[in-house]
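Enquirer: Order-wise, the sequence lines are chains A and B. Take the first sequence: its position 293, counting from 1, is numbered 293 in the working numbering, and each next residue is one higher. Quick note: to get the working numbering, add 1000 to the position in the second sequence (first position is 1).
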Amino acid sequence: MAILEESIKEVMELKNYINGEWVESKSDQIWDVFNPATRKLLARVPMSTKNEVMAAIKAAQEAFPEWRRTTPLARARCLFRLKELLEKNFEQLSRVQTMEHGKTIDESRGETRRGIEMVEVGTGIPSLMMGYNLEDIATGIDEYVIYQPLGVFGHIAPFNFPFMVPLWYSPFALATGNTFIVKPSPRDPISQVKLAELVDEAGFPPGVYNLVHGGAEVAQILMEHPDIKGITFVGTTSIGKEVYRKCGETCKRAIVQVSAKNFLLVMPDADIDATIAALLTSFFGNTGQRCLSGANLVIVGKEDGFYRNFLNRFLEATSKIRVGYGLDENIQMGPMQSVDGKERVIKYIETGMKEGAKIILDGRKPTITGDYPDTCFVNPTIFENVTPDMRIGKEEIFGPLASVMRAEDLDEAINMANNSNFGNAASIFTSNGKAAREFQYRVECGNIGINIGIVAPMAFFPFSGMKDSFFGVLHGQGRDAIRFFTESKVVIQRWF
Amino acid sequence: MIINTCSGAMSFAKDLENESAQFYQNLSQRLVKDKDIFLSFVKENGEYIMQIERAYYGVITDAIEGCFAFNIDTEEYAIRMDLAEKANYSEALAKAIEIEEKIIKFYSDAAEQSKSLMADVPRAFKMVAKKRNNRYSILKSLLSQ
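Structure below.
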């Protein structure tokens, strides 16, 4: 099967996008961005200076009054133009993601589609932003609520979905009349540069959308600046707690979507073939680098026969996964995004072995389709006899590692999931409606799957999360996002 | 070769459509009597590609089993799509029928394999299989004339 043409031909020198202009950074701290599969240098990204971040904040602040006065219809039309441009550039955007992140082309196209769906929902803002009213709350007196934008919002992006995650927020922020600053992950910032180019082409006024490259220092300035009204963050729980604390100190709104340890329960009455395919996607899709990935596979039931049969099927299917460069259309799993990521997974594999779990598929010496350096590659790994108190059973690994556990019945399996500190996602595979309802009712997670491996809420639903997987009140996407990016104002009126 | 990914299945489908379009293009020059029928097949092939791509690009998300939805052995659908220089009318039509059988089998198998996983894509595959069945009937009736 052919390897698709690469969409980045030359090493890019990345610039900031501030006040509608592409501005070269004066920073002398430059990071290299590599293709994790081929290890080819793709770009150089600056760690922007404080002055550059301040310039972006100033531009966004100054653009706000005019943008909030722009009618919702006109704002929506900007998003319609952006949507058209995204469709036109769909394939190029997808290939950039594969090149800078490592995911397969199917996964990248899926990410592009999800991102576009956020923009599509944003175009509905004239309806979504409507308030409500009641006549005659007392005789001759009416009351109504209106929703208004707040000002400048900042987003601190993760590396695992370099195109889509910032779009969980920006279309909603912009549509509601706010201005926006995105700080992409310095590990894979090119997708956001490509997006900003299209935002520019779509004709958003200068300063409404800004992009500043950098690391923790840039994030710190955004979190501390009094003119930033809110921060959205996706990353790890440890950093997320710090983000949430900082936002609290400066009285900012915050959506903090963080780590996970997701349990997937397989009941004896599950449809085996469909379940296996869903599990492969869940555990090994995006090379396990997503907060909705399966982490712990709990096979439920007392019967040894079912347990052994199901595990063998899962093992057999997993061991056939083709690992390689995501632009090869027949590849099913790409490399880890970074050397650090690979090292982390290998450490966890060693930890699991020391803890007494049984390794039944060892991915440390990767088999790669094609001639690529193994620098970032690790193959799928499966442990069985994992218990919830082991580190590999309770800590987020963020890689292609499945920990298999066993529960006697549904009750025990739900308790195992609920004892986790995290509450991002959980799924059950069953053909029994009663068991599914019981699971949905009791499990303490924000995103619940019933015969679904990756419980990714659509753009018009909130991306939920609980416990140590989410800090905040309102979530990203859907109506929650509309409320997050607006202030409600109540008006009570009487005319004499 | 075994194809498991949606992207791979789409490309394989596109190859079949393009190659068979080329076959019918040649046929239209060789069998001038039925030229219009064969040229309409060429046009349809282009439409099938568009419909399949539309389904794929519209429905693909990171959440469904894009990399694990198929188990297609391309050898099962391998067929030479060139026409022997001396092939007569009946032989040419027999070849076309053989090609259609293979392609219909591909679309039917691929739709069946992914029906619970890939949402709109198997529906598009089924639809193309159905339309190609109509074409198959047309070819059969030409052969029996």
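Glycine residues also receive a C-beta, built at the ideal position from the N, C-alpha and C atoms.
Are there 16 or more other CB atoms within 10 angstroms of the CB of R113/A, so buried, or fewer, so exposed?
Expert: In the first sequence, counting from the first residue as 1, residue 113/A sits at position 113. That one is buried.
Enquirer: Pick out the complete beta strand (DSSP E) segments inside the stretch 125 to 200 of chain A, 3 residues or longer, and give them in chain order.
Expert: With a minimum length of 3 residues, the continuous beta strand (DSSP E) runs that stay inside the stretch 125 to 200 of chain A are 132 to 138, 141 to 149, 152 to 156 and 179 to 183.
Enquirer: Less than 8 angstroms between CB atoms is the rule here; does G288/A satisfy it with respect to chain B?
Expert: Numbered from 1 along the first sequence, position 288 holds the residue referred to as residue 288/A. Judged by the 8 angstroms Cβ criterion, G288/A is not in contact with chain B.
Enquirer: Considering only their Cβ atoms, is the gap separating N1071/B from Q1113/B smaller than 8 angstroms?
Expert: On the second sequence, position 113 is the one that residue 1113/B refers to. On the second sequence, position 71 is the one that residue 1071/B refers to. A contact, by the Cβ cut-off of 8 angstroms.
Enquirer: What is the C-beta distance between L311/A and I299/A, in whole angstroms, given that I count them as a contact (C-beta under 8 angstroms)?
Expert: Here residue 311/A corresponds to residue number 311 of the first sequence, with the count starting at 1. Here residue 299/A corresponds to residue number 299 of the first sequence, with the count starting at 1. Confirmed, Cβ separation roughly 7 angstroms.
Enquirer: Between the Cα of R308/A and those of H101/A, M405/A and F471/A, spot the shortest distance and give me the residue it belongs to.
Expert: For the purposes of this step, residue 308/A is identified with residue 308 of the first sequence, where counting begins at 1. Cα-wise, what sits closest to R308/A is M405/A.
Enquirer: Check whether the stretch 406 to 419 of chain A touches the stretch 434 to 454 of chain A, taking contact to mean three or more Cβ pairs, one atom from each stretch, closer than 8 angstroms.
Expert: Yes, the stretch 406 to 419 of chain A touches the stretch 434 to 454 of chain A.
Enquirer: Between the Cα of E66/A and those of L150/A, Q220/A and A274/A, spot the shortest distance and give me the residue it belongs to.
Expert: Along the first sequence, read from residue 1 onward, the residue named residue 66/A stands at position 66. Comparing Cα-Cα distances from E66/A to each of L150/A, Q220/A and A274/A, the minimum goes to L150/A.
Enquirer: Taking 8 angstroms as the CB-CB limit, is D1062/B close to chain A?
Expert: Here residue 1062/B corresponds to residue number 62 of the second sequence, with the count starting at 1. So yes, D1062/B belongs to the interface.
Enquirer: Using a Cβ cut-off of 8 angstroms, pull out every chain B residue sitting near F90/A, in sequence order please.
Expert: Position 90 of the first sequence, counted from the start, is the residue given in the question as residue 90/A. By Cβ distance, chain B contributes Y1057.
Enquirer: If you run the structure through DSSP and keep just helix, strand and coil, what is Y372/A?
Expert: Translated into positions along the first sequence, residue 372/A becomes position 372. Residue state, collapsed to three classes: coil.
Enquirer: Once the 5 residues before and after Y1057/B are set aside, which same chain residues still bring their CB inside 6 angstroms of it?
Expert: Sequence index remark: in the second sequence, residue 1057/B carries index 57 (1-based). If we look at Y1057/B and ignore the five residues flanking it on each side, it has no Cβ neighbours.
Enquirer: Measure the C-alpha to C-alpha separation of P388/A and Y1107/B and round it to an integer number of angstroms.
Expert: Residue numbering aside, residue 388/A sits at position 388 when the first sequence is read from its first letter. Residue numbering aside, residue 1107/B sits at position 107 when the second sequence is read from its first letter. Using only the alpha carbons, I get a separation of about 44 angstroms.
Enquirer: Suppose the cutoff is 8 angstroms on Cβ atoms and the five residues either side in sequence are ignored; what does the same chain contact list for P205/A look like?
Expert: As a first step, residue 205/A must be located in the first sequence, where it is residue number 205. G20, A63, E66, W67 and T70, listed in sequence order.
Enquirer: Since T104/A meets chain B, which of its residues come closer than 8 angstroms, beta carbon to beta carbon?
Expert: Here residue 104/A corresponds to residue number 104 of the first sequence, with the count starting at 1. Those within 8 angstroms of T104/A in chain B are T1005, S1007, G1066 and C1067.
Enquirer: Going along chain B in order, which residues have a C-beta closer than 7 angstroms to the C-beta of Q332/A?
Expert: Indexing the first sequence from 1 puts residue 332/A at position 332. Per Cβ cutoff of 7 angstroms: N1004, T1005, C1067 and F1068.
Enquirer: Tell me which same chain residues have a C-beta within less than 8 angstroms of the C-beta of D136/A, skipping the five on either side of it?
Expert: Position 136 of the first sequence holds residue 136/A. Cβ within range, chain order: D142.
Enquirer: Give the residues of chain C in contact with R114/A, contact being defined as C-beta atoms less than 9 angstroms apart.
Expert: As a matter of chain content, chain C is missing from the structure shown, whose protein chains are A and B.
Enquirer: Using 10 angstroms around the beta-carbon of V208/A, count the other beta-carbons present and answer buried if the total reaches 16, otherwise exposed.
Expert: By one-based count along the first sequence, residue 208/A stands at place 208. Buried, since its Cβ has 16 or more Cβ neighbours within 10 Å.
Enquirer: Do N16/A and S25/A have their CB atoms nearer than 8 angstroms?
Expert: Stepping through the first sequence from its first residue, residue 16/A is reached at position 16. Stepping through the first sequence from its first residue, residue 25/A is reached at position 25. Taking 8 angstroms as the Cβ cut-off, N16/A and S25/A qualify as a contacting pair.
Enquirer: Could you pull out every unbroken alpha helix (DSSP H) segment of at least 4 residues lying fully inside the stretch 286 to 364 of chain A, listed in chain order?
Expert: With a minimum length of 4 residues, the continuous alpha helix (DSSP H) runs that stay inside the stretch 286 to 364 of chain A are 304 to 319 and 339 to 355.
Enquirer: For E100/A, decide whether its Cβ has a neighbour in chain B, counting only Cβ atoms nearer than 8 angstroms.
Expert: Your numbering for residue 100/A matches position 100 in the first sequence. By this cut-off, E100/A is not an interface position.
Enquirer: Check this for me: beta carbons of I18/A and A59/A, under 8 angstroms apart or not?
Expert: The residue given as residue 18/A occupies position 18 in the first sequence. The residue given as residue 59/A occupies position 59 in the first sequence. Yes, the Cβ-Cβ distance between I18/A and A59/A is below 8 angstroms.
Enquirer: By how many angstroms is the C-alpha of L1139/B removed from the C-alpha of D1036/B?
Expert: Stepping through the second sequence from its first residue, residue 1036/B is reached at position 36. Stepping through the second sequence from its first residue, residue 1139/B is reached at position 139. Approximately 13 angstroms between the Cα atoms of the pair.
Enquirer: DSSP three-state call for K229/A: helix, strand or coil?
Expert: Stepping through the first sequence from its first residue, residue 229/A is reached at position 229. Reduced to three states, the DSSP call for K229/A is strand.
Enquirer: Do you know offhand how far F377/A's Cα is from A260/A's?
Expert: The residue you call residue 377/A lines up with position 377 of the first sequence. The residue you call residue 260/A lines up with position 260 of the first sequence. C-alpha separation (whole angstroms): 22 angstroms.
Enquirer: Counting only Cβ-Cβ distances shorter than 8 angstroms, please list the residues of the stretch 1100 to 1122 of chain B near chain A, keeping chain order.
Expert: Within the stretch 1100 to 1122 of chain B, the qualifying residues are S1116 and L1117.
Enquirer: Have a look at D427/A and L265/A and give me their C-alpha separation to the nearest angstrom.
Expert: Here residue 427/A refers to the residue found at position 427 when the first sequence is read from its first residue. Here residue 265/A refers to the residue found at position 265 when the first sequence is read from its first residue. Before going on, a small fix: residue 427/A reads as Ser here, not Asp. Using only the alpha carbons, I get a separation of about 6 angstroms.
Enquirer: Assuming the contact rule is C-beta atoms closer than 8 angstroms, G503/A and M390/A should be a hit. Round their C-beta distance to whole Å, please.
Expert: Nothing can be reported for residue 503/A, as the shown portion of chain A is limited to 1 through 496.
Enquirer: Under 8 angstroms Cβ-Cβ, which residues of chain B neighbour A280/A?
Expert: Residue 280/A sits at position 280 when you count from the first residue of the first sequence. In the sequence on display, residue 280/A carries Leu and not Ala. Per Cβ cutoff of 8 angstroms: E1065, C1067 and F1068.
Enquirer: So is S1011/B in contact with chain A if we call contact Cβ pairs under 8 angstroms?
Expert: Here residue 1011/B refers to the residue found at position 11 of the second sequence. Yes, S1011/B lies at the interface with chain A (some Cβ there is under 8 angstroms from its Cβ).
Enquirer: Pull up the CB-CB distance for A278/A and G453/A, whole angstroms please, since I reckon it's below 8 angstroms.
Expert: One-based indexing of the first sequence puts residue 278/A at position 278. One-based indexing of the first sequence puts residue 453/A at position 453. With a Cβ gap of about 3 angstroms, A278/A and G453/A count as contacting.
Enquirer: Does N447/A come out as helix, strand or coil in the three-state DSSP assignment?
Expert: Counting from 1 along the first sequence, the entry for residue 447/A is found at position 447. Reduced to three states, the DSSP call for N447/A is strand.
Enquirer: Among K1043/B, E1017/B and L1039/B, whose alpha-carbon lies nearest the alpha-carbon of F1125/B?
Expert: Walking along the second sequence from the start, residue 1125/B turns up at place 125. Selected option, being the one with the closest Cα: E1017/B.
Enquirer: Using only the alpha-carbon positions, how far apart do P186/A and Q1029/B sit?
Expert: Working through the first sequence from its first residue, we reach residue 186/A at position 186. Working through the second sequence from its first residue, we reach residue 1029/B at position 29. If you take the alpha carbons of P186/A and Q1029/B, they lie about 57 angstroms apart.
Enquirer: Alpha carbon to alpha carbon, what distance is there between S238/A and V199/A?
Expert: Within the first sequence, residue 199/A is the residue found at index 199, counting from 1. Within the first sequence, residue 238/A is the residue found at index 238, counting from 1. Approximately 32 angstroms, taken between the alpha carbons.
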